[in-house]
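Protein chains: 6
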Amino acid sequence: MKSSAGSLDPQTRAEVLVQAIPYIQDFAGKTIVIKYGGGAMVNTSLMQSVMSDLLLLQLMGMRLVLVHGGGPFINRALEAIGHQSSWQDGLRVTDATTMQVAQEVLAGGVNKTLVRAVGAAGGQALGICGLDGCLLQAQKHRGPVDLGYVGDIESVNCRILHDGLDAGYMMVVASIAGSPAGDVYNVNADHAAAAIAAGCGAQKLILMTDVLGVLKDRSDPASLLSVLSQKDVPALIDAGIIQGGMIPKINCCLDALAGGVQQAHILDGTLPHAILLELLSDDGIGTMVI
Amino acid sequence: MKSSAGSLDPQTRAEVLVQAIPYIQDFAGKTIVIKYGGGAMVNTSLMQSVMSDLLLLQLMGMRLVLVHGGGPFINRALEAIGHQSSWQDGLRVTDATTMQVAQEVLAGGVNKTLVRAVGAAGGQALGICGLDGCLLQAQKHRGPVDLGYVGDIESVNCRILHDGLDAGYMMVVASIAGSPAGDVYNVNADHAAAAIAAGCGAQKLILMTDVLGVLKDRSDPASLLSVLSQKDVPALIDAGIIQGGMIPKINCCLDALAGGVQQAHILDGTLPHAILLELLSDDGIGTMVI
Amino acid sequence: MKSSAGSLDPQTRAEVLVQAIPYIQDFAGKTIVIKYGGGAMVNTSLMQSVMSDLLLLQLMGMRLVLVHGGGPFINRALEAIGHQSSWQDGLRVTDATTMQVAQEVLAGGVNKTLVRAVGAAGGQALGICGLDGCLLQAQKHRGPVDLGYVGDIESVNCRILHDGLDAGYMMVVASIAGSPAGDVYNVNADHAAAAIAAGCGAQKLILMTDVLGVLKDRSDPASLLSVLSQKDVPALIDAGIIQGGMIPKINCCLDALAGGVQQAHILDGTLPHAILLELLSDDGIGTMVI
Amino acid sequence: MKSSAGSLDPQTRAEVLVQAIPYIQDFAGKTIVIKYGGGAMVNTSLMQSVMSDLLLLQLMGMRLVLVHGGGPFINRALEAIGHQSSWQDGLRVTDATTMQVAQEVLAGGVNKTLVRAVGAAGGQALGICGLDGCLLQAQKHRGPVDLGYVGDIESVNCRILHDGLDAGYMMVVASIAGSPAGDVYNVNADHAAAAIAAGCGAQKLILMTDVLGVLKDRSDPASLLSVLSQKDVPALIDAGIIQGGMIPKINCCLDALAGGVQQAHILDGTLPHAILLELLSDDGIGTMVI
Amino acid sequence: MKSSAGSLDPQTRAEVLVQAIPYIQDFAGKTIVIKYGGGAMVNTSLMQSVMSDLLLLQLMGMRLVLVHGGGPFINRALEAIGHQSSWQDGLRVTDATTMQVAQEVLAGGVNKTLVRAVGAAGGQALGICGLDGCLLQAQKHRGPVDLGYVGDIESVNCRILHDGLDAGYMMVVASIAGSPAGDVYNVNADHAAAAIAAGCGAQKLILMTDVLGVLKDRSDPASLLSVLSQKDVPALIDAGIIQGGMIPKINCCLDALAGGVQQAHILDGTLPHAILLELLSDDGIGTMVI
Amino acid sequence: MKSSAGSLDPQTRAEVLVQAIPYIQDFAGKTIVIKYGGGAMVNTSLMQSVMSDLLLLQLMGMRLVLVHGGGPFINRALEAIGHQSSWQDGLRVTDATTMQVAQEVLAGGVNKTLVRAVGAAGGQALGICGLDGCLLQAQKHRGPVDLGYVGDIESVNCRILHDGLDAGYMMVVASIAGSPAGDVYNVNADHAAAAIAAGCGAQKLILMTDVLGVLKDRSDPASLLSVLSQKDVPALIDAGIIQGGMIPKINCCLDALAGGVQQAHILDGTLPHAILLELLSDDGIGTMVI
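If you read the sequences in order, they're chains V, S, H, R, L and C.
full-length UniProt numbering puts the first residue of the first sequence at 1, with every later residue one more than the last.
full-length UniProt numbering puts the first residue of the second sequence at 1, with every later residue one more than the last.
full-length UniProt numbering puts the first residue of the third sequence at 1, with every later residue one more than the last.
full-length UniProt numbering puts the first residue of the fourth sequence at 1, with every later residue one more than the last.
full-length UniProt numbering puts the first residue of the fifth sequence at 1, with every later residue one more than the last.
full-length UniProt numbering puts the first residue of the sixth sequence at 1, with every later residue one more than the last.
Pasting the structure below:
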């Protein structure tokens, strides 16, 4: 992949840089919250590439908050200790052992691996979870069956994010939350990203997924909706165009917009330089909900 | 235990508070680095009590950095996955699996449990490891046999600690370090605490252990040396009074003093309110090296 | 008295300190205005004890403004020069000589004695009167007879208090005011404290008196009303429970509450550690008006 | 006096203002310590005029510290209570009663009268004494006979002056000092001014006296030495030109210069606008020691 | 002229200075925008005198913005290259050559001459035009005939003025503006001054002209209206008292007042020290519109 | 030219951006002084392109000072008024008329045209000359013949540059200087750039010229010396490799290095994106003197 850029003549390279000016000007000083996950997370070289992209955006003046979960890593760790998970309606029943493993894997494993990758790219990250500075408060998820330590976010206290961003760090947040009673809960990382974006006055929320975005015809990548107005969402759901796993993603976007975020993006994080392409070009490569 | 204070008349309680004034004045605004470990770490109620004590010190104006390892927790996690550790000269041979487990247990498990306990006491902590903000850089430990990912601290970049302390957080640091080559190393928490204390201009280093301090006669607690001048250390080692596991602890103290720290304390962290008693009374309860 | 606290074992002392945490957290950073007077003022050792208590509160992060008069000291000074005072309805007729004596005794005598006592306790105070920084402006008291230089407070300019508190001083204020015409007036210290508390956005006003607070049955100290809602005051006055010298004290409290102060306390300043007991315990020892 | 300026045509008035530009530029932002005393202090209209002059200098950007004693006022107050003073070598023996009177008269009487006069001129002053913020520490004067509470300045802590000047106040300081033992001492105001000037990095010390300055021929005002180099002082003392009460004044100047002050002035404070004339003209009207 | 002030005795000079206190207090910290032009501009010694006056005001704490055109200098430069100007309704038809000449003469000639004169008086000025920091945006003047590069001010971005004033510079602004399309326009300096005064929250707008102000009887200087309420303007225009070139001047004043400026002055800039006399005396010498 | 970059696929574009990271990190926060001149100045589209390049560097965090002369524009303006220039040893004899024209053309013409071009690229520039904020002080050039208002730089006062850079402006400086006597002088722009680079602690000085840099063989562009150590310069001059107009350029570089600048570059400003290519690639396109 590098060869194509590597063989460019210097003039062309300079022109590419200059053409980024208007995008840089638009986003300098703005806060952007990125839900990092999916295939981009498990592929190490892709992860390193994403961190370089983010470092570039930070050097251009953006304030970045990276929120992550890490289901596959939790699965692997549970398997290693021979602990069986049960599931209810797509949600993992989280007993105390599972919660302990999840906390360690997310806040100590994935989180620090991302911090290290930012460092390897030449930047400085600060990795925290929702317990640090009392960032995320959750309460036990309410539903027909008891899911254990699965939580719903109740409140967000973004002071620690502002402190870290002001001091120049890229903030990396594991989706673990505390509760007033002193418990620890596993919270959905998409929800955490949306709540944080709304709570800290972000300009943008970006959800990295494994699909291109909203497609009018799911078999045709060319049918991608680049821009989607939130008022058109109900009709698209009714028409079955937005369906399945895309519905909760879209709902996260709508929550963020309702909380004051100006644009929410869904894009395929496995495409090389997906976030750069979305932010530094007119067309973008995913779906932007406004 | 609480009953004895609970039954005091209010006047006596007020007098106790007023008598703390000169100690508060001495330490307000000063940075104190505490190596947290030993028995005080594995006993949950003791841990919560220590965090309350530290919160009190923070409310009185001290800047606190808590450095921790967590050997017993790593052992337990390795056992759970059936991974065998081998040892060399008292140091664990740390292969990639062990390192991954250590990172998760320290930075995601112990660290966040401490952060949560500070929150439960009413304070706000920020839990990091040596990878965050490039705080600790290590290189592979040099020795007769290859110990794997065991590192020696090469440099300390305390900016992230100053940022966090300035913003009002109690800083909690897991003893994990990065390397220029991008590797992760397990580093000794006592060494990490001493290096951090020297690097960030701390007034004091406090090593919480499971022994009272330096005893002239190890069978007699009353023979505790409350104050020990660093120049007397060689003679005490020669005389066999400082011996065994106490030698590396004392060496950490000497390193910190050589790096500009003004006092280094060794005390028994399992004694209730050990740190308060050491800092807010004339006699203290451990050994202070000056 | 000191012996009771002095004989406590260290553990108990530490527990007492830790139990103060929630109170410290409640009041850190808040401004508290204390009217200092009565018996606590004329007893030198009690005065020194009060200043130590206040210094402790300041070290715990409170911003303290101490407002004082000093009737007994003025009386003594007038006697020394053989100047006769006449009285009208409980107010001293203040001629030019009396005013000069009052100014010197309050702003130069009592004020600096309090400043010195704070210094002796290890703190730093800044003693001013209402003329400094144009803090208090008064106009001549209007009433049936001419009382001379007795003034009613017209306006408060708290800039000098904020400047001093921001710089870390305990502020000590003598109840002397200026007027637009350039005259000096003696103003009631309770009124001055209430006006200053309202003017500088204080959390609390505390009036130190020689009585316990509001008693349902004046012959029974156990009938003390710990908390009193301002809406219940008229009925208590009608019932004769609040009467005599307590009425103007309560009115000062109501004025402060009307000006935005959140709680106003009346307590017996001659009880050892009265302010600490009121602020750092659940029950308090006086009457809190809310 | 006002009539002469009052009858000037506007153009001439404007020219006078413009001609002050170079002097304003020289002193803007500089700290100037003025010992206020002598005849200028006991004449009320002269006092008001001096405060107006000082306010003008402050508006032009100078940072002003006014240090004062008040011997005549202390004498009057001692007489009023019928307390006899004894003297030794020109120094008043200061017993406890005298000290109490001096403190009240200086810190509560003279000090607040000056503060009020600054207010009447339209400015804002902050009046303190050496006890406030622990500004002046003294020890008992050592000499052949015991003079009681007469002190020599040991140390100066100018933080409170910088705080007040930074906040925009004209600082007025009564020459009362504390001691480590908690006593209060009367200190010489000339010495206090010199010590403060040296301690707070002042550009100038100005001693207001009742004589014109150093005269070569004491019977001839035209023989005034406008500028005097400190190295010429010994010869002038030997020659009897500097003699009597001028010697301690000159010594104060030399002390200030030794402490880093750049110029020290002795001038006749009873001349109208003496300080303005000294600072805003080339010739000045007194003697400048450099 | 200097002789009259030069011969004054020092006391009188000091009194003149002291009498300026209330005016200095009124305007310290306030922003004042001055349209500089007319006869005061073409007379070099008068120009130098005005800059000294302005420097004095700046030293007294005022924040000064000087806006200038320079018609006579443009005329002279156009003549030198033999370029003919045509006029329409009193406005110069500004072709590309004329615009280039105007830009060079105003922003490079007059502007820097004024900057240099401030420097010669001992101050520091920062000379800019409406292109710098995008201060002034204009659009092509709309009218019956095409006037070329004559623009009407559309918007003002005062950030560069605040930046410069905060850093302590006297700001000098040439009346040249940019346009969104990237063109340069000549704008009327009176309009520019009024727009800037409104845009940067100025206290005063001062228009320097060659006439005394508004005269009730144009043949009688004594009929000058010192103060004029904006509500009386229409009647004065109807009565022919405000007429001719005074009408646009008055309209500029009304525009500024409508934009929040508190007073607008019209005065004769050729009178020596005109601005000082207007600002530092009760009567002033021109007409103040309120 | 744009077509080559325009046709790139998005991935390649993203890679180009990411590859700039290490260069951005090297120069973020550093001050870079650029002498702008030669062919890049007279070609309008090239000028606009250079300003876009500079804006990009500024968005990436560099602090930019652009210093310019403008000989060709002065020539054209002198011709337009029919004023004859005479020359001595390659220097223009500058009489008063020429100086006036030069000031207007440089500070009002070229300077504002550059400011406008930065604005057209989307940035904000602040255009000044050496008179503003007393930036450049010169004295009359000393030589065998009198050259009139040709000056040599005596001192640089960079406060105005720091103020402007801190506030976020790109600084554009016309090479005009003042003198203590109040005269205006034309100074060589290369010298001005070198003096400013040394005076304001710049990391780099870049001289834009019309030649590639130092060529070993002037007929062979491939013989360009990319890096040149200052210690090798004398030998290269002796060998005739550095000769003619290159000698004063190199001397400027040496002056800057002697003044603490870390690298000085000579490059061909007529090459598209010359500065970007020099700063954001390893090889660069000109000669760097170190």
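A virtual CB, placed ideally from N, CA and C, is assigned to each residue, including glycine.
Excluding five sequence neighbours on each side, which residues of the same chain lie with their C-beta closer than 6 angstroms to the C-beta of residue i?
| i | result |
| --- | --- |
| M51 (chain L) | A117, V118 and A121 |
Go through its chain and collect everything with a Cβ distance to residue i's Cβ below 8 angstroms, but skip five positions before and after it.
| i | result |
| --- | --- |
| G148 (chain H) | V93, T94, D95, A96, T98 and M99 |
| G178 (chain S) | G130, L131, C134, L136, Q137, A138, V184 and Y185 |
| L236 (chain H) | V214, L228 and I242 |
Does the distance from the C-beta atom of residue i to that of residue j stay below 7 angstroms?
| i | j | result |
| --- | --- | --- |
| G38 (chain R) | M246 (chain R) | no |
| G213 (chain L) | L224 (chain L) | yes |
| L56 (chain V) | V156 (chain C) | no |
| residue 360 (chain R) | K35 (chain R) | Nothing can be reported for residue 360 (chain R), as the shown portion of chain R is limited to 1 through 290. |
| S175 (chain S) | A192 (chain S) | yes |
| V33 (chain H) | A239 (chain H) | no |
Where does residue i sit, in a helix, a strand or coil, going by DSSP?
| i | result |
| --- | --- |
| Y149 (chain V) | coil |
| M246 (chain L) | helix |
| T270 (chain V) | coil |
| Q100 (chain S) | helix |
| G127 (chain V) | strand |
| G199 (chain H) | helix |
| A181 (chain R) | coil |
| R218 (chain R) | coil |
| Q84 (chain L) | coil |
List, in chain order, every chain V residue whose beta-carbon is nearer than 8 angstroms to that of residue i.
| i | result |
| --- | --- |
| Q139 (chain S) | Correct list: empty, because the minimum Cβ distance to chain V is about 16 angstroms. |
Measure from the C-beta of residue i to each C-beta in chain D and report whether the shortest distance is under 7 angstroms.
| i | result |
| --- | --- |
| S45 (chain C) | The structure shown contains no chain D; its protein chains are V, S, H, R, L and C. |
Nearest-angstrom Cα distance between residue i and residue j?
| i | j | result |
| --- | --- | --- |
| G182 (chain V) | G130 (chain S) | 26 angstroms |
| S3 (chain S) | D282 (chain H) | Here S3 (chain S) scores only 42 on pLDDT, less than 50, and its place in the model should not be relied on; the value that follows carries that caveat. Taking the straight line joining both Cα atoms gives about 17 angstroms. |
| H162 (chain H) | V233 (chain R) | 47 angstroms |
| R13 (chain L) | A256 (chain R) | 30 angstroms |
| D268 (chain C) | T287 (chain V) | 44 angstroms |
| S85 (chain S) | L78 (chain S) | 8 angstroms |
| I21 (chain L) | Q58 (chain R) | 10 angstroms |
Which chain C residues sit within Cβ distance under 8 angstroms of residue i?
| i | result |
| --- | --- |
| Q124 (chain V) | By Cβ distance, chain C contributes nothing, its closest Cβ being about 11 angstroms from Q124 (chain V), past 8 angstroms. |
Against residue i, what residues of chain L qualify as contacts under a CB-to-CB distance less than 8 angstroms, listed in chain order?
| i | result |
| --- | --- |
| R116 (chain C) | L131, G178, G182 and V184 |
Using a C-beta to C-beta distance shorter than 7 angstroms, which residues of chain R count as neighbours of residue i?
| i | result |
| --- | --- |
| I242 (chain L) | Residues of chain R passing the Cβ test: none, with the nearest at roughly 26 angstroms. |
With a threshold of 7 angstroms on Cβ separation, who are the neighbours of residue i within its own chain once the five nearest residues in sequence on each side are excluded?
| i | result |
| --- | --- |
| G127 (chain C) | N111, K112, L114, V115 and V172 |
| L46 (chain H) | A40 and T270 |
| I74 (chain L) | V101, A102 and V105 |
| residue 309 (chain C) | Residue 309 (chain C) falls outside the range modelled here, since chain C spans only 1 to 290, and no answer is possible. |
Would you mind telling me which residues of chain S sit closer than 7 angstroms to residue i, beta carbon to beta carbon, in chain order?
| i | result |
| --- | --- |
| S281 (chain H) | P10 |
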